[in-house]
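So the sequence shown is numbered by the working numbering: it starts at 2 and just counts up by one.
Just so you know, even glycine gets a beta-carbon here, dropped at the ideal spot from N, CA and C.
Just so it is clear, the structure is predicted and the values come from calculations on it, not from any experiment.
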Amino acid sequence: MTKINYGDKFQIGVHILVCGDALDPKIVKKAIGENKINAFISDIPYGIDYTASKKNFSKVKVDKDILNDGFVSEKQYAQFVENLITPVISYLTRKNTFYIFNSDKQIFALREGMEKCGIHFSQLLIWIKNHAVIGRKDYLPMHELIAVGWFGVHEFKKSQDKSVLFCPKPNKSSLHPTQKPLSLMRRLILNSTSIGDFIYEPCAGSGSTGIACEQTKRRCIMIELDPEYCWTIIERFEKLGVKVMRVIDKEKKDDK
Numbered sequence: 002m003t004k005i006n007y008g009d010k011f012q013i014g015v016h017i018l019v020c021g022d023a024l025d026p027k028i029v030k031k032a033i034g035e036n037k038i039n040a041f042i043s044d045i046p047y048g049i050d051y052t053a054s055k056k057n058f059s060k061v062k063v064d065k066d067i068l069n070d071g072f073v074s075e076k077q078y079a080q081f082v083e084n085l086i087t088p089v090i091s092y093l094t095r096k097n098t099f100y101i102f103n104s105d106k107q108i109f110a111l112r113e114g115m116e117k118c119g120i121h122f123s124q125l126l127i128w129i130k131n132h133a134v135i136g137r138k139d140y141l142p143m144h145e146l147i148a149v150g151w152f153g154v155h156e157f158k159k160s161q162d163k164s165v166l167f168c169p170k171p172n173k174s175s176l177h178p179t180q181k182p183l184s185l186m187r188r189l190i191l192n193s194t195s196i197g198d199f200i201y202e203p204c205a206g207s208g209s210t211g212i213a214c215e216q217t218k219r220r221c222i223m224i225e226l227d228p229e230y231c232w233t234i235i236e237r238f239e240k241l242g243v244k245v246m247r248v249i250d251k252e253k254k255d256d257k
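Encoded structure:
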């Protein structure tokens with residue numbers, strides 16, 4: 002496969018991947034098309050400059066910056082969240098669910114950004130890891146937060162679950178510095194969607210949400226700004242035997 006450029010679209014089995022910025026409504030439209038989104042499940046940038054914060058403490062195998070993850074104020078971060086969610090609102094099904102990963106630092110700004118879009122902020126889940134994350138805090142964090150909400154009416158398939166989720170964190174990943182465990186992603190997906198439903202992941206990273214969708218027979222619409230991570234996503238799916246095909250834009254095809 003040739004070089005991946007901004008705006009390139011791929012059909013990955015039943016899933017979609019677009020290389021682009023999820024803040025751009027045109028990219029969002031290109032990715033979603035005529036489909037309707039049942040759940041927004043995303044490990045969005047935390048606005049904490051994760052890679053830089055680990056220098057001199059722990060060497061992750063991928064020393065790449067996470068795009069859109071630089072230090073920002075709470076006001077800027079709330080605006081970022083609002084800009085990320087707004088383009089997808091019109092594509093949501095009547096019943097829907099939002100799961101957005103975040104850290105303690107920006108959780109209030111995350112809530113503000115969600116509520117500005119009309120998202121009902123329901124509660125926080127706490128993901129407990131099996132070991133602490135090295136950093137500059139006095140108390141090393143062994144958890145991350147997951148904001149739960151919905152737009153209009155929410156969908157929850159399981160009668161009850163617990164707000165504290167225990168799940169081992171992958172060891173230093175060669176795929177992505179903040180890669181989430183597939184078992185955790187599957188749990189969220191199974192709790193709030195049905196087979197065949199569409200999951201939207203605007204910050205796809207190494208594609209863990211997409212892989213979890215493949216494992217649970219859901220369809221994932223992924224957007225990833227970094228072409229290198231787009232390659233990682235494609236390679237992960239190909240290792241599972243999933244066929245990957247580049248989608249040619251009608252406009253480009255007509256120009257030839």
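Identified DSSP bridge partners for residue i
i: A23; result: Answer is none; A23 lacks a bridge partner.
i: V82; result: In DSSP, V82 forms no bridge with anything.
i: I129; result: H144 and F167
i: I42; result: Y100
i: M246; result: Q12
i: G150; result: F99 and F122
i: E202; result: M223
i: I17; result: Q12 and I222
Close Cβ partners of residue i (< 7 Å) along its chain, the five nearest in sequence each way excluded
i: D162; result: N192
i: A23; result: V29, L85, P203, C204 and I224
i: S59; result: Interpretation of S59 is limited by its pLDDT of 45, a score under 50 that renders its predicted location unreliable; the figure taken from the coordinates is listed afterwards. Within the same chain, S59 has close Cβ partners I135.
i: V243; result: I13, G14 and E215
i: K96; result: V154, H155 and E156
i: S209; result: Q180, K181, L183 and M186
Distance between beta carbons of residue j and residue i, contact taken as under 8 Å
i: F41; j: V82; result: So it is not a contact: roughly 11 Å between Cβ atoms.
i: I129; j: V165; result: 6 Å
i: Y78; j: Q107; result: 5 Å
i: D44; j: K138; result: About 20 Å; that fails the 8 Å criterion.
i: I120; j: L146; result: Actually they are not in contact, since the Cβ atoms of I120 and L146 sit about 16 Å apart, beyond 8 Å.
i: A148; j: N103; result: 6 Å
i: F152; j: L241; result: At roughly 32 Å, the Cβ-Cβ gap does not stay under 8 Å, so F152 and L241 are not in contact.
i: F122; j: G150; result: 5 Å
i: N213; j: R237; result: For the sequence presented, residue 213 should be read as Ala rather than Asn. Not really, about 11 Å apart at Cβ, beyond 8 Å.
i: Q80; j: G114; result: 7 Å
Neighbourhood of residue i by C-beta, 6 Å cutoff - its chain only, sequence neighbours within 5 removed
i: H155; result: T98
i: A32; result: I17, V19, I222 and I224
i: I86; result: C118
i: R247; result: F11
i: P263; result: No information on residue 263 is available, as it lies outside the stretch 2 to 257 that the chain covers here.
i: A53; result: At A53, the pLDDT of 44 sits below 50, so the modelled position is not reliable; the number obtained from the coordinates is stated separately. Nothing meets the Cβ criterion.
i: S184; result: C168
i: M143; result: K130 and A133
i: N36; result: F199
i: K159; result: N192
i: G211; result: H16, C221 and M223
i: Q124; result: V149
i: N57; result: Bear in mind that the predicted position of N57 carries a pLDDT of just 46, short of 50, making it too unreliable to give a figure here.
N- and C-terminal bounds of the beta strand (DSSP E) containing residue i
i: E225; result: R220 to E225
i: F109; result: It is not in any beta strand (DSSP E) - F109 instead sits in the alpha helix (DSSP H) that spans I108 to K117.
i: I190; result: First-last for I190: L183 to S193, but that is the alpha helix (DSSP H), not the beta strand (DSSP E).
First and last residue of the uninterrupted alpha helix (DSSP H) at residue i
i: Q216; result: S209 to T217
i: E236; result: P228 to K240
8 Å CB neighbourhood of residue i in its chain, flanking five on each side removed
i: I196; result: T217, K218 and R219
i: D105; result: P142 and L146
i: R112; result: F122 and A148
i: F157; result: T98, N192 and S193
Minimum Cβ-Cβ distance from residue i to chain D less than 8 Å
i: C214; result: Protein chains in the displayed structure number just one, and chain D is not present.
Any contact of the segment 2-9 with the segment 196-213, i.e. 3+ C-beta pairs under 8 Å? no
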